[in-house]
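If you count by mature numbering (1 follows the signal peptide of the UniProt record, and there is no 0), then the sequence shown holds residues -20 to -1, 1 to 236, one letter each, in order.
For glycine and all other residues, C-beta sits at the position ideal for the given N, C-alpha and C.
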Amino acid sequence: MMPKWPCMLLICGLAGAAGAAQLPRPGRDDARIQRAEYRAEDVVLVRAWSGYVTRIVFSEGETIVDVASGFADGWSFSPQANVLYIKPQAAAQQGMETMEPQPGVWDTNLQVKTDARLYDFDLVLLGADTVDAQTLRRRAVAYRIAFDYPAGSPAAMPAAFKAVNRRYAMQVGENSAGIAPILADDDGKMTRLRFRNRGELPAIFAVDPTGEESLVNWHVEGDDVLVHRVLPALMLRLGRQVVKVINQGEALACSR
């Protein structure tokens, strides 16, 4: 028996997509590589496909600070500096069966806030009986949407980092000095790490009280790596090298 909640989602999704939205321009060589004009009052249409990821690219130097959606359980959002990865995913409500993404039912809106601008999107899930490259091109499913900005539009300028906590310690594993930061501090919102070697950077993980590790978002700004959170501990890993960075300050804040 079909659960009742998808019908409710369908109604909400159609209501959210009722207005006109800007349709991104398809690329000359491949319709799945698209561009959109940035206009502050516009809603941009994102056409997605189950099992495929869409990448939205904002201006260089712009950093995503917040992402919100009307149906967050049905979509995966992964922000990385000025790029947002979007993918439809299965969803379930408490006491009900899990439902795979369905065209129409999964339609919703998306709002993105960066350190420079606000963006609004309609997310539309397309579908067909068969999936091949020709179908995806014909229906203009978005693999990538990059924004063009009006001439003279100011570029996003990163705010100066003002450290409020420099009380950090490190535990450096055997033969791991090469990935040990030469600086670690935070401004109450982000953690700054600086490395002696600007070659291959380590993966950065948050460490919870049980010792479990999870990837965190970060971006490079000048000579520094800025982690988008302030946490009790971070684990840096590169191959067999490992370094634990420990926050010994009193106040902890989390930006995400």
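Quick one: what's got a C-beta closer than 6 Å to residue i's C-beta in the same chain, skipping five residues either side?
i           : result
Arg147      : Gln228 and Gly229
Ala(-4)     : With a pLDDT of 41 at Ala(-4), under the threshold of 50, the predicted position of this residue should be treated as unreliable, and no value is reported.
Tyr99       : Val92
Arg97       : none
Arg124      : Ile13 and Arg35
Glu17       : Asp128
Val37       : Val63 and Ala126
Lys67       : Val33 and Ser56
Asp204      : Arg172 and Arg174
residue 246 : The structure shown does not extend to residue 246, since the chain spans only -20 to 236, so no value can be given for it.
Met(-20)    : Note that Met(-20) scores a pLDDT of 38, beneath 50, so its modelled location is shaky; the value from the coordinates is reported in the next line. Cβ within range, chain order: n/a, list empty.
Ala149      : Ile226 and Gln228
Tyr65       : Val33, Arg35 and Ser58
Gln48       : As written in the sequence, residue 48 is Ala, which differs from the Gln given in the question. So the list reads Gln91, once near-sequence residues are dropped.
Leu25       : Ala1, Leu3 and Asp102
Any Cβ of chain C within less than 9 Å of the Cβ of residue i?
i      : result
Gly168 : Of the chains in the structure shown, none is chain C; there is only one protein chain.
If residue i sits next to residue j, beta carbons under 8 Å apart, how far is it from one beta carbon to the other, in whole angstroms?
i           : j      : result
residue 264 : Ala122 : Since the first residue shown for the chain is -20 and the last is 236, residue 264 is missing from the structure and cannot be characterised.
Leu214      : Ala186 : 7 Å
Pro182      : Gln221 : 7 Å
Asp166      : Val200 : Actually they do not touch by this definition, with Cβ atoms about 17 Å apart.
Arg172      : Leu206 : 6 Å
Take the Cβ of residue i as the centre, count every other Cβ of all protein chains shown within 10 Å, and call the residue buried at 16 or more, exposed below.
i           : result
Thr94       : buried
Thr190      : exposed
Glu42       : buried
residue 239 : Outside the shown range of the chain, which is -20 to 236, sits residue 239, and nothing can be said about it.
Ser143      : Per the sequence presented here, residue 143 reads as Ala, with Ser not at that position. Classification of Ala143: exposed, given that the 10 Å Cβ count is below 16.
Asn145      : buried
Gly54       : buried
Pro212      : exposed
Leu(-7)     : Confidence in Leu(-7) is poor, its pLDDT being 35 and thus under 50, which makes the residue's placement unreliable; the coordinate value appears in the next sentence. Exposed: under 16 other Cβ atoms inside 10 Å.
Ala160      : buried
Ala61       : buried
Which residues in the same chain as residue i place their Cβ atom closer than 8 Å to its Cβ, once the five residues preceding and following it in sequence are excluded?
i      : result
Glu80  : Ser30 and Ala70
Arg15  : Pro4, Arg5, Gly7, Ile125, Ala126, Phe127 and Asp128
Leu106 : Arg27, Ala28, Trp29, Pro83, Arg119 and Val121
Once you ignore the five residues that flank residue i on each side, which residues in its own chain have a CB closer than 7 Å to its CB?
i           : result
Ala233      : Reliability of the predicted coordinates at Ala233 is poor, the pLDDT of 45 falling under 50, and the value obtained from them is presented with this limitation in mind. The answer, listed in chain order, is Gly168, Lys169 and Val210.
Asn177      : Gly158
Gly153      : Gln221, Val222 and Val223
Ser194      : Phe185 and Ala186
Asp22       : Gln2
Ser156      : Gln221, Val222 and Val223
Cys10       : For the sequence presented, residue 10 should be read as Asp rather than Cys. If we look at Asp10 and ignore the five residues flanking it on each side, its Cβ neighbours are Arg117.
Glu40       : Asn62
Ala72       : Thr78 and Met79
residue 243 : No information on residue 243 is available, as it lies outside the stretch -20 to 236 that the chain covers here.
Notebook entry, point to check: Fully enclosed by the region 43 to 83, which beta strand (DSSP E) runs are 3 residues long or longer?
Noted result: 44 to 49, 55 to 60 and 63 to 68
Note to self: Could you tell me which whole beta strand (DSSP E) segments of length 3 or greater appear in the region 1 to 31?
What the structure shows: 13 to 17 and 23 to 29
Note to self: Extract the residue ranges of the beta strand (DSSP E) inside the region 100 to 159, only unbroken runs of 3 or more that lie entirely within it.
What the structure shows: 124 to 128 and 148 to 152
Margin query: Threshold first: 3 residues or longer. Then list the beta strand (DSSP E) segments lying entirely within the region 151 to 222, N to C.
Written below: 161 to 166, 171 to 175, 183 to 187, 193 to 195, 198 to 201, 204 to 207 and 213 to 218
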